[in-house]
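S.K.: Numbering (our numbering), first residue to last: 113 to 800. Quick reminder that beta carbons are idealized off the backbone N, C-alpha and C, glycines included. Quick caveat, the model's predicted, so the values are computed rather than measured.
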């Protein structure tokens, strides 16, 4: 009888079923359009359900279309899942060719399923799994994990949910054919258990307590066997390459990403490393501490030198019970101890950068000689993790003090009142994650002075250990970016993460702000770093914006990539500066209140002066929309409703619903008018 659970085992929890019937390889991190109706927006996705240990379909547009792979096939073929369930199973078996576990099972009327011929391979310690080219049948019987079996894995910190996620099962029986054609059976026992790493059309058997044969291979192994590849995220900081599956599992159980190939002696494909290099900041070899592991880790590091693959050595004796990362955890070590080893490795790696940092970091207790000050452009951190945030504006608007107020809000464990942070709510930093401030424009003396004001605003007398204010004006442009990139990595590992990064003077990282190639490259690199380190990077741009648009190629790139943009300008009242939103993640910047701040002699710093009036906000909104409409109707005299929506969405970086809301508002305010055919044109206010 065809079994539902066996189908799930053969199809990676149903994931392969979805890919087959959808007609494309499923990306778990990307939505797609529904196959059940005319879906204009990609609102469907596949997710892993830990409760059922299988993948499921979910439609945000219509939640009635949700379920596992069996529901999906039944719905797609207009079958009743309950009454036609056997038929659904047969369709899946036939279309995906899943005959290997169904010897003699009739999958359709008048036909007997021919089992896929699968092979059993028993390689030597140096054999590569790709050497097996035959296919011979194999079968196995799964049994539940009991306490004794789970205790074996728990010794390394591995729990049952991790085993199920990686498709590791306990076997009661395993049957196959030997290389000389003889059928054999193996039975698991409490003293000699059998575990299976189940792949798509193949299986790798692991017998940890067997005195003779610990590993067996059934079925045709893939050209490149790579365990754990399906479970790693799309991007991250570190990826370990280990010597075996158990090491991958133990690392995952302790919060680290890892994969392994067939063995430490297998050659790692450069094509895979090239792909992984785009997704992870560091690829680290973590092989065994025995003679073979040490030799092979050095060999692989040399072969992959052009990809800057790192090698981490474990402080283990190299004996049978103390040689790999699983043993490292079994000896009582945890994620903290492994992170300490990594921190030391990165300190050694960046020793030259450390010397540069010492010469660049501000020594607050030993102020530099007073020199002629230069007006600086500073930034404000308003954004989300994994994103860029931009602040722009002209000289003399108080940006230095504004960014100082924001930095002050990141130095304490509790949130500062908005009066202290000039009207913004700044997320505090109770864990003491790194706060990094890179300045490419100010003099050393001015940066020291501003740092003092930041400390006073935060009610501190000394610079916290996690705060680093770095003076980069004396370095070359190439060295500035190198130092930023490597010190972010260093401080990320030293302080357990990065809370906030401010780059004051992003244009000084490239030769010209109007060089399109350089502008794209620097913004892409900073966006990548924000994602890798899960932090917000504030980019300060020294340009006065043109309406709601930033100037120069670097401004255009930031406009496109940044999650939010603020502009600081002088108010009509010259004693105040006004903060305007040019771009926000949700909604429109024109709906965000305009905040005021100004100098207070008593406090000897800038203070919050509240929001501008509703009338001022409406006037700004009207003026900006008039500018957008005039630009939109410069060539075409008329636009349809949909065309106008697209123009507003593109020019103002807003969503569809906000664009429609603005069209209604502009009709009401006579900024837009309609002809007899319903097309839009400039209204009365745009002609004055």
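In three-state terms, what does DSSP make of residue 546?
M.R.: Looking up residue 546 in the chain shown gives position 434. Looking at residue 546 - three-state DSSP - the assignment turns out to be strand.
S.K.: Could you compute how far the alpha carbon of residue 415 sits from the alpha carbon of residue 425?
M.R.: The sequence position of residue 415 within the chain shown is 303, counting from 1. The sequence position of residue 425 within the chain shown is 313, counting from 1. Roughly 18 Å separates the two Cα atoms.
S.K.: Let me check understanding here. Comparing Cα to Cα, which of 707, 613, 169 and 436 lies closest to residue 718?
M.R.: The residue given as residue 718 occupies position 606 in the chain shown. Residue 707 holds the alpha-carbon nearest to the alpha-carbon of residue 718 among 707, 613, 169 and 436.
S.K.: Any contact between the segment 269-287 and the segment 368-385? By contact I mean 3 or more CB pairs, one from each, below 8 Å.
M.R.: no
S.K.: Answer yes if the segment 394-401 comes into contact with the segment 344-355, meaning at least three C-beta pairs across the two stretches below 8 Å, and no otherwise.
M.R.: yes
S.K.: So, for residue 344: in the same chain, excluding its five sequence neighbours on each side, which residues have a beta-carbon less than 6 Å away from its beta-carbon?
M.R.: Numbered from 1 along the chain shown, position 232 holds the residue referred to as residue 344. Cβ within range, chain order: 369.
S.K.: Taking 8 Å as the threshold (C-beta atoms), are residue 690 and residue 678 in contact?
M.R.: For the purposes of this step, residue 678 is taken as the residue at position 566 of the chain shown. For the purposes of this step, residue 690 is taken as the residue at position 578 of the chain shown. No, these two residues do not count as a Cβ contact at 8 Å.
S.K.: Give me the Cα-Cα distance between residue 413 and residue 720, rounded to the nearest whole angstrom.
M.R.: Locating residue 413 in the chain shown gives position 301, counting from the first residue. Locating residue 720 in the chain shown gives position 608, counting from the first residue. If you take the alpha carbons of residue 413 and residue 720, they lie about 55 Å apart.
S.K.: From residue 646 to residue 610, what does the alpha carbon distance come to, in whole angstroms?
M.R.: By 1-based counting over the chain shown, the position of residue 646 is 534. By 1-based counting over the chain shown, the position of residue 610 is 498. One C-alpha to the other measures close to 8 Å.
S.K.: Residue 768 to residue 160, Cα distance in whole Å?
M.R.: Your numbering for residue 768 matches position 656 in the chain shown. Your numbering for residue 160 matches position 48 in the chain shown. Rounded to the nearest angstrom, the gap between the Cα atoms of residue 768 and residue 160 is 31 Å.
S.K.: Rounding to the nearest angstrom, what Cα-Cα distance links residue 584 and residue 467 in this structure?
M.R.: Reading the chain shown from its first residue, position 472 is the one you call residue 584. Reading the chain shown from its first residue, position 355 is the one you call residue 467. The straight-line gap from Cα to Cα measures roughly 14 Å.
S.K.: To test your reading of the DSSP string, which unbroken alpha helix (DSSP H) runs of 4 or more residues are found completely within the segment 309-341?
M.R.: Runs of the alpha helix (DSSP H) inside the segment 309-341: none found.
S.K.: Counting along the chain, where does the alpha helix (DSSP H) carrying residue 172 start and finish?
M.R.: Taking the chain shown and counting its residues from 1, one reaches residue 172 at position 60. It is not in any alpha helix (DSSP H) - residue 172 carries neither H nor E in the DSSP assignment.
S.K.: For residue 544, which residues from the same chain have a beta carbon less than 6 Å from its beta carbon, with the 5 sequence-adjacent residues on both sides left out?
M.R.: As a working mapping, residue 544 is identified with position 432 in the chain shown. Result list for residue 544: 578, in chain order.
S.K.: How is the beta strand (DSSP E) around residue 354 delimited, first residue to last?
M.R.: Counted from its first residue, the chain shown places residue 354 at position 242. From DSSP, the beta strand (DSSP E) with residue 354 extends over 348-354.
S.K.: Run through the DSSP bridge pairs and tell me what residue 679 is partnered with.
M.R.: Numbered from 1 along the chain shown, position 567 holds the residue referred to as residue 679. Beta-bridge pairing links residue 679 to 504 and 692.
S.K.: How many Å lie between residue 114 and residue 129 at the Cα?
M.R.: The residue labelled residue 114 in the question sits at position 2 within the chain shown. The residue labelled residue 129 in the question sits at position 17 within the chain shown. Spanning the two alpha carbons is a distance of roughly 16 Å.
S.K.: Compute the Euclidean distance between the alpha carbons of residue 776 and residue 697, then round it to the nearest angstrom.
M.R.: Within the chain shown, numbered from 1, the residue matching residue 776 stands at position 664. Within the chain shown, numbered from 1, the residue matching residue 697 stands at position 585. When only Cα atoms are considered, residue 776 and residue 697 end up about 21 Å apart.
S.K.: For the segment 763-789, which segments carrying the beta strand (DSSP E) assignment without a break, of at least 3 residues, lie completely within its bounds, in sequence order?
M.R.: 784-786
S.K.: Tell me whether the beta-carbon of residue 462 lies closer than 8 Å to the beta-carbon of residue 560.
M.R.: Indexing the chain shown from 1 puts residue 462 at position 350. Indexing the chain shown from 1 puts residue 560 at position 448. Not in contact: residue 462 and residue 560 (Cβ atoms no closer than 8 Å).
S.K.: Between 195, 362, 765 and 762, which lies nearest to residue 447 when the distance is taken from Cα to Cα?
M.R.: Looking up residue 447 in the chain shown gives position 335. Closest by alpha carbon: 362.
S.K.: Between the alpha carbons of residue 293 and residue 299, how many angstroms are there, rounded?
M.R.: Locating residue 293 in the chain shown gives position 181, counting from the first residue. Locating residue 299 in the chain shown gives position 187, counting from the first residue. Approximately 20 Å between the Cα atoms of the pair.
S.K.: Starting from the Cα of residue 738, find the closest Cα among 324, 790, 648 and 782 and give me that residue.
M.R.: Indexing the chain shown from 1 puts residue 738 at position 626. Checked all of 324, 790, 648 and 782; the closest Cα to residue 738 is 782.
S.K.: Whole angstroms are fine: how far does the CA of residue 631 sit from the CA of residue 214?
M.R.: As a working note, residue 214 is residue 102 in the chain shown. As a working note, residue 631 is residue 519 in the chain shown. Reliability fails at residue 214, whose pLDDT of 49 lies under 50, so the model's placement of it is uncertain and the value that follows must be treated cautiously. Between residue 214 and residue 631, the C-alpha separation is close to 59 Å.
S.K.: Please classify residue 390 as buried or exposed, where buried requires at least 16 other C-beta atoms within 10 Å of its C-beta.
M.R.: For the purposes of this step, residue 390 is taken as residue 278 along the chain shown, with counting starting at 1. Residue 390 comes out exposed.
S.K.: When DSSP labels each residue in this structure, what does residue 177 get in the three-state scheme?
M.R.: Here residue 177 refers to the residue found at position 65 when the chain shown is read from its first residue. Residue 177 falls in the coil class under three-state DSSP.
S.K.: Identify whether residue 674 lies in helix, strand or coil by the three-state DSSP scheme.
M.R.: Translated into the one-based positions of the chain shown, residue 674 becomes position 562. Coil.
S.K.: Here's a check: name, in chain order, each residue in its chain whose Cβ is nearer than 6 Å to the Cβ of residue 757, leaving out the five neighbours to either side.
M.R.: On the chain shown, position 645 is the one that residue 757 refers to. Here the set comprises 771.
S.K.: Quick check on the DSSP output: the alpha helix (DSSP H) that includes residue 620 runs from which residue to which?
M.R.: As a working note, residue 620 is residue 508 in the chain shown. Premise fails: residue 620 is in no alpha helix (DSSP H) and is neither H nor E.
S.K.: Leaving aside the five residues before and after residue 509 along the sequence, list all residues of the same chain whose C-beta is less than 8 Å from its C-beta, in chain order.
M.R.: Residue numbering aside, residue 509 sits at position 397 when the chain shown is read from its first letter. So the qualifying residues of the chain are 680, 681, 682 and 689.
S.K.: Using the C-alpha atoms, what's the distance from residue 650 back to residue 569?
M.R.: For the purposes of this step, residue 569 is identified with residue 457 of the chain shown, where counting begins at 1. For the purposes of this step, residue 650 is identified with residue 538 of the chain shown, where counting begins at 1. Cα to Cα, the separation comes out at about 20 Å.
S.K.: State buried or exposed for residue 605, treating a residue as buried only when at least 16 other CB atoms are found within 10 Å of its CB.
M.R.: Here residue 605 corresponds to residue number 493 of the chain shown, with the count starting at 1. Buried: at least 16 other Cβ atoms inside 10 Å.
S.K.: For the alpha helix (DSSP H) holding residue 364, just list the boundary residues, first then last.
M.R.: Residue mapping note: residue 364 aligns to position 252 of the chain shown, counting from 1. Unbroken alpha helix (DSSP H) run through residue 364: 357-365.
S.K.: Starting from residue 737, trace the alpha helix (DSSP H) both ways and give me its first and last residue.
M.R.: Counting from 1 along the chain shown, the entry for residue 737 is found at position 625. Run containing residue 737: 726-744, per the alpha helix (DSSP H) assignment.
S.K.: Does DSSP put residue 159 in a helix, in a strand, or in coil?
M.R.: Start at 1 with the first residue of the chain shown, and residue 159 comes out as number 47. Residue 159: strand per DSSP, three-state reduction.
S.K.: Taking all protein chains shown into account, do 16 or more other C-beta atoms lie within 10 angstroms of the C-beta of residue 367, making it buried, or fewer, making it exposed?
M.R.: Mapped onto the chain shown, residue 367 falls at position 255. With fewer than 16 other Cβ atoms within 10 Å, it is exposed.
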